[in-house]
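Let me begin by presenting the structure, written as structure tokens, before commenting on it.
Protein chains: 2
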Amino acid sequence: MMARAGLTTERLVQAGAELADEVGFDQVTVSALARRFDVKVASLYSHLRNSQDLKTRIALLALEEMADHAAEALAGRSGKEALTAFANVCRDYARAHPGRYTAARHPLDDATAAGSAGVRIAQLNRAILRGYDLAEPDQTHAVRLLGSVFHGYVSLETAGGFAHSAPDSEESWARILDALDSLLRNWPARP
Amino acid sequence: MMARAGLTTERLVQAGAELADEVGFDQVTVSALARRFDVKVASLYSHLRNSQDLKTRIALLALEEMADHAAEALAGRSGKEALTAFANVCRDYARAHPGRYTAARHPLDDATAAGSAGVRIAQLNRAILRGYDLAEPDQTHAVRLLGSVFHGYVSLETAGGFAHSAPDSEESWARILDALDSLLRNWPARP
DNA sequence: GAAGCTTCCTAAAGGGTTTAGGCAAACAGG
DNA sequence: CCTGTTTGCCTAAACCCTTTAGGAAGCTTC
Numbered sequence: 000m001m002a003r004a005g006l007t008t009e010r011l012v013q014a015g016a017e018l019a020d021e022v023g024f025d026q027v028t029v030s031a032l033a034r035r036f037d038v039k040v041a042s043l044y045s046h047l048r049n050s051q052d053l054k055t056r057i058a059l060l061a062l063e064e065m066a067d068h069a070a071e072a073l074a075g076r077s078g079k080e081a082l083t084a085f086a087n088v089c090r091d092y093a094r095a096h097p098g099r100y101t102a103a104r105h106p107l108d109d110a111t112a113a114g115s116a117g118v119r120i121a122q123l124n125r126a127i128l129r130g131y132d133l134a135e136p137d138q139t140h141a142v143r144l145l146g147s148v149f150h151g152y153v154s155l156e157t158a159g160g161f162a163h164s165a166p167d168s169e170e171s172w173a174r175i176l177d178a179l180d181s182l183l184r185n186w187p188a189r190p
Numbered sequence: 000m001m002a003r004a005g006l007t008t009e010r011l012v013q014a015g016a017e018l019a020d021e022v023g024f025d026q027v028t029v030s031a032l033a034r035r036f037d038v039k040v041a042s043l044y045s046h047l048r049n050s051q052d053l054k055t056r057i058a059l060l061a062l063e064e065m066a067d068h069a070a071e072a073l074a075g076r077s078g079k080e081a082l083t084a085f086a087n088v089c090r091d092y093a094r095a096h097p098g099r100y101t102a103a104r105h106p107l108d109d110a111t112a113a114g115s116a117g118v119r120i121a122q123l124n125r126a127i128l129r130g131y132d133l134a135e136p137d138q139t140h141a142v143r144l145l146g147s148v149f150h151g152y153v154s155l156e157t158a159g160g161f162a163h164s165a166p167d168s169e170e171s172w173a174r175i176l177d178a179l180d181s182l183l184r185n186w187p188a189r190p
């Protein structure tokens, strides 16, 4: 009588990620996911501990995807090429998958974060700097600066911050990458 | 019999902002606010259109406060002093009022945003660059860079991004401001 | 002290979350 | 096969948050 829908945690998380891109990460709800599979809400609780668990898993998926894209983009590149490639991975991913990108910024507890693809992303971020001549601790400062710029720019841009004013966002992005490259090649000594 | 609680929109928004700082902006709920005033939920709907309205008003309050702090901090300063002062206003506000800071990033519709203190903040941000020698369109690119760095750094820091690793966040922040100052004084020509 | 406005209330409907317990489909092994 | 176990999805119910409708008590003013 009642055909099985074939639910698994993986398929639910995947569908949850698509839902996030469509309606926004904070609109992702166990109920909405159940509707999408044409199944009663309670059925999902055999595959997901709770609503928070769903969001965490979507976040982990997004981090994996970003890390994969970044690893591919950085292969065989260095210096400004690497900088640009990594930056564009962040920006392109955020524009293609706004819900997932938001998910990737979802706070994780320390243990979960340590086991996530977030550490791979951090390593790749640091790898960019191998093409520049920076010793510790300036290298770490630079990593944090790059992370801040990429995250900040993409956040503001997707929030519509630069939409309705000249010059267009594309140009600013290119010039900001020029500026960062220049800064990394001429990192100031401690005053 | 039933004493009046003396609710007004202003007091509700103020209390909502405090609540946001205590439990997080997205945990701010009409019900929680009613509990805080020891009043039935429905009573608040004479003062607030709905839950979204509450959040928007908290966002506007936060923007006002940040603009006020920034204006005071920038008075009589220029160049790196102004850069540092403005940056610290953002960071200090976010640490003192994490819920409000999140609220300030809450998306507003165009009309609301145009009438908010957000435009004052944008003007002040641009005013920092008067101490540096940048012509348009590079000035706009630089404004966007600064906004991205401040927002990005503060977001990552409050999310715990730099908490458990050396060198400490304080030092990175100082060196990043050095680096930005240096970059603004040596802004690269278009390649 | 009555009129009218304001402030807060009760009541109710609708939706999301989560748990407990049940029945039937899928899958083993004999 | 067909029988026992596991698994997958169900119903039912409790709880919380949102929002609207309509009522009653307090404050103001004359």
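Chains as they are written, first to last, in numbering that gives the first Met the number 0: chain A, 0 to 190; chain B, 0 to 190.
For each residue, glycine too, the CB sits at the ideal point set by N, CA and C.
Keep in mind the model is a prediction, meaning the values are calculated, not measured.
query	result
Strictly below 8 Å CB to CB, what residues from chain A border L128 of chain B?	Residues of chain A passing the Cβ test: none, with the nearest at roughly 13 Å.
Any C-beta of chain A sitting closer than 8 Å to the C-beta of H96 of chain B?	no
Classify D180 of chain B as buried or exposed, calling it buried when 16 or more other Cβ atoms lie within 10 Å of its own Cβ.	buried
Could you name the residues of chain B that Y131 of chain A contacts, counting a contact when the two beta carbons are closer than 8 Å?	None at all; the shortest Cβ gap to chain B is about 13 Å.
Ends of the alpha helix (DSSP H) at N124 of chain A?	G117 to I127
Roughly how many angstroms lie between the CA atoms of G98 of chain B and A158 of chain B, to the nearest whole one?	12 Å
Using the Cα positions of A178 of chain B and Q122 of chain A, report the straight-line distance between them to the nearest angstrom.	22 Å
Determine, for V22 of chain B, whether the minimum Cβ-Cβ distance to residues of chain A falls below 8 Å.	no
Consult DSSP for H163 of chain B and reduce its assignment to one of helix, strand or coil.	coil
Just to check my reading of the structure: L62 of chain A and I127 of chain A have Cβ atoms closer than 8 Å, yes? What is that Cβ distance to the nearest angstrom?	Not quite, the Cβ-Cβ distance comes to about 18 Å (not below 8 Å), so this is no contact.
Nearest to E9 of chain B by CA position, among B:Y44, B:R56 and B:D25, is which residue?	B:R56
Going by alpha carbons, who is nearest to V84 of chain B out of B:L53, B:L47, B:N185 and B:A173?	Checking the sequence, you will find Ala at residue 84 of chain B rather than Val. Per the Cα distances, B:A173.
Could you tell me whether any Cβ in chain A is nearer than 8 Å to the Cβ of V12 of chain B?	no
Does DSSP put N87 of chain B in a helix, a strand or coil?	helix
Helix, strand or coil, according to DSSP, for L59 of chain B in the structure here?	helix
Rounded to the nearest angstrom, what separates A112 of chain A and H105 of chain A at their Cα positions?	10 Å
Residues of the segment 49–73 of chain B with a CB closer than 9 Å to any CB of chain A: list them in chain order, please.	none
Quick one: does Y100 of chain B have its CB under 8 Å from some CB of chain A?	no
For R90 of chain B, collect the residues of the same chain with a Cβ closer than 6 Å to its Cβ; drop the 5 residues on either side in sequence, then sort them by chain order.	V153
What does the Cβ neighbour count give for D108 of chain A, buried or exposed, with the cut at 16 atoms within 10 Å?	exposed
Using only the alpha-carbon positions, how far apart do D167 of chain B and A66 of chain B sit?	28 Å
Enumerated in chain order, which unbroken segments of the alpha helix (DSSP H) with a length of 4 residues or greater are wholly contained in the segment 137–161 of chain B?	137–157
In the DSSP assignment, find the unbroken alpha helix (DSSP H) run with G114 of chain A in it and report its ends.	Per DSSP, G114 of chain A belongs to no alpha helix (DSSP H) and is neither H nor E.
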